[in-house]
Amino acid sequence: MVTDHATRPTAARSPGLPASLTPVLLKQLTARVSAAPDAARVTTHAPYTGVPLADLPVSTPEDVEAAFGRARVAQKSWAATPIAERKRILLRYHDLVLARQDQALDLMQAENGKTRRDAYLEVVDIGIVSRYYARNAGKYLGPKRRRGAIPLLTHTTELRHPKGVVTVVSPWNYPLSMAASDTIAALMAGNAVVQKPDTQTALTALWSMDLMYEAGLPADVWQMVIGRGSSIGDALMDNANYMMFTGSTATGRQIAADAGRRLIGASLELGGKNAMIVLDDADIEKAAEGAVNACFPSAGQLCVSIERLYVAESIRDEFVAAFVARTKKLKIGAAYDYSVDVGSLTTPSQLKTVTEHVADAVAKGATVLAGGKARPDLGPLFHEPTILTDVTPDMAVYDHETFGPVVSVHSYRDVDEAVSRANATAYGLNASVWSRNGARGRAVAARVHAGTVNVNEAFAAAWGSIDAPMGGMGDSGLGRRHGAEGILKYTEAQTVAHQRLQGFYPPKGITPENWAGLLTGALKVMKAIGMR
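Start counting the sequence shown at 1316; every next residue gets the next number (this note's numbering).
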């Protein structure tokens, strides 16, 4: 059995909510939504307890149109703002997020149901991202001399211009990281942003935007709309100069098609069915601890978490025993502090998917090694961290994304089989490889079809390596966040080439035939002397 941990008492403004979430704060945040004064309202509920949390105005397509109109006006002056000033604003935002992290942690836990430890990693992420783009945007966005067509005679410069107004659609599972990290890069590139966060976690997104304005962002450069995609999705797409989406593969396909119709760019981080390979020379205790940290953060509601485990036959029994023992010791519960290991699922639909996947697997012959059931005694949306074995292709959990605290353990005979099975998926987002031999681990990692692969880590090493690109292959998406591509995707490249003295056409007095001969000779010389 998983250890229970009751909610610790807190001085809350209403039962089950922390004291920091005052009516004044909630009113301040919901007032930031771009919606009419008489807008319809929607109520969200706290996953830990099911109590009402936020009363949010709902934006209409007309509200979205109006937000884009304001954003286009604001973006012109924002694009003309020197990068040094954008940097100062972003670094002030960095400081505000760190200084007020307790409020952010309370919001994330209240809206998402994750543990405080998992919520804190989002604060760390935003600190890293904001510092990185504040201090590197000048390097990425500044004019760059490029090799001209004719040496010495062609002066060529690459310029970067902002796209205009970027639509950011962010999910509920990492409400601060996904709401702010992509927006940070878009803003630093000189764009305005109109964002639709998931309604369930809109308060966290609004809190982040509120802090950015406090840091000095000009009015209307970042705006937030609330509503269902079926209602305002068309307006978000039809007005965008670029689309940034994090969510399901099915929705991502539709966005890609719509972006293609409009001939605008899109970056899509979608689903995953991520694999972890434990090689026969792995440190078993470290790998077992790594598997716990790979499978159960944020109750498994993490695009890069591990749902498939492949273990060398020679160490399978020892590894599984260590993994199961650690999993059974995890504390599951609701607490606005660092005392629990696994929190709640976020929505009833996620609990339904998790319970159905487990039930389907068990009915078809899978064995439950740990967990296996929902825990309504702890709260409406809790589910135990679950380890399954004897999972076969006819079970939904085998190759469908569960997005919950469930992992299937398989064994393999040799490395070729492990890599082949890890790659036997339409997805390709993240993977993990464990070995005592770093060179061997990296060599296996390079064979895995995934946008990021971690050696002796689950996902944080690659995700936190902010200077390197992060994104998916296959059904896991298009485009990359982080690194140079994470900001350059929000820009249009322009080449300005200034030709001096002589171009490609013959000067007066030289026949075209003779000029062609001279140019041919020059090309041969350039190759001979090693010019690029």
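Backbone N, C-alpha and C fix where the C-beta goes; we use that ideal spot for every residue, glycine too.
Item: Beta-carbon proximity of residue 1736 to residue 1596, cut-off 8 Å; Value: no
Item: Proximal residues to residue 1821 (C-beta, below 6 Å), its chain only, five neighbours per side dropped; Value: 1827 and 1830
Item: Extent of the continuous beta strand (DSSP E) to which residue 1749 belongs; Value: 1745-1749
Item: Enclosing beta strand (DSSP E) for residue 1548 [first to last residue]; Value: It is not in any beta strand (DSSP E) - residue 1548 instead sits in the alpha helix (DSSP H) that spans 1544-1553.
Item: Straight-line Cα distance separating residue 1835 from residue 1843; Value: 13 Å
Item: Of the residues 1591, 1726, 1841 and 1364, the one placed nearest residue 1773, counting alpha carbons only; Value: 1591
Item: DSSP state of residue 1370 mapped onto helix, strand, coil; Value: strand
Item: Run of the alpha helix (DSSP H) containing residue 1859, from where it starts to where it stops; Value: Within the shown structure, residues of the chain are numbered from 1316 to 1847, placing residue 1859 beyond reach of any answer.
Item: Which of helix, strand or coil DSSP assigns to residue 1489; Value: coil
Item: Unbroken stretches of the beta strand (DSSP E), 3 residues or longer, contained in the segment 1514-1543; Value: 1537-1539
Item: Whole-angstrom distance between residue 1705 and residue 1493, CA atom to CA atom; Value: 35 Å
Item: Distance, residue 1840 Cα to residue 1781 Cα; Value: 43 Å
Item: Delimiting residues of the beta strand (DSSP E) encompassing residue 1557; Value: 1557-1561
Item: Exposed unless 16 or more other CB atoms sit within 10 angstroms - verdict on residue 1846; Value: exposed
Item: Residue 1645 to residue 1521 span [Cα, whole Å]; Value: 32 Å
Item: Euclidean distance between Cα positions of residue 1363 and residue 1443; Value: 29 Å
Item: Validate contact between the segment 1464-1471 and the segment 1510-1521 using beta carbons, cut 8 Å, 3 pairs; Value: no
Item: Helix, strand or coil at residue 1825 according to DSSP, with G and I counted as helix; Value: coil
Item: Sequence ranges, beta strand (DSSP E) only - wholly within the segment 1742-1805, length at least 3; Value: 1745-1749 and 1767-1770
Item: Bridge partner(s) assigned by DSSP for residue 1625; Value: 1592 and 1725
Item: Complete runs of the beta strand (DSSP E) confined to the segment 1682-1725 [at least 3 residues]; Value: 1682-1685 and 1701-1704
Item: Own chain, CB closer than 7 Å to residue 1474, minus 5 neighbours either side, in chain order; Value: 1458, 1809 and 1811
Item: Three-way DSSP call (helix, strand, coil) for residue 1812 in this model; Value: strand
Item: Alpha-carbon spacing of residue 1747 relative to residue 1731, whole angstroms; Value: 16 Å
Item: Burial state of residue 1664 (16 or more Cβ within 10 Å); Value: exposed
Item: C-beta contact flag for residue 1453 and residue 1398 at 8 Å; Value: yes
Item: Option nearest residue 1679 by Cα separation, candidates 1711, 1662 and 1667; Value: 1711
Item: Inter-residue spacing [alpha-carbon to alpha-carbon] between residue 1406 and residue 1446; Value: 6 Å
Item: CB-CB length for residue 1703 against residue 1670, believed under 8 Å; Value: Contact doesn't hold; Cβ gap of about 13 Å is too wide.
Item: Helix, strand or coil at residue 1444 [DSSP, three-state]; Value: helix
Item: The beta strand (DSSP E) enclosing residue 1582, as first and last residue numbers; Value: 1580-1584
Item: Residue-chain proximity (residue 1455, chain D), Cβ-Cβ < 8 Å; Value: Note that chain D does not occur in the displayed structure, where there is just one protein chain.
Item: Contact under 8 Å by Cβ, residue 1347 with residue 1653; Value: no
Item: Residue 1267 to residue 1803 span [Cα, whole Å]; Value: Outside the shown range of the chain, which is 1316 to 1847, sits residue 1267, and nothing can be said about it.
Item: CB of residue 1725 within 8 Å of CB of residue 1624, strictly; Value: yes
Item: Proximal residues to residue 1767 (C-beta, below 6 Å), its chain only, five neighbours per side dropped; Value: 1745, 1777 and 1785
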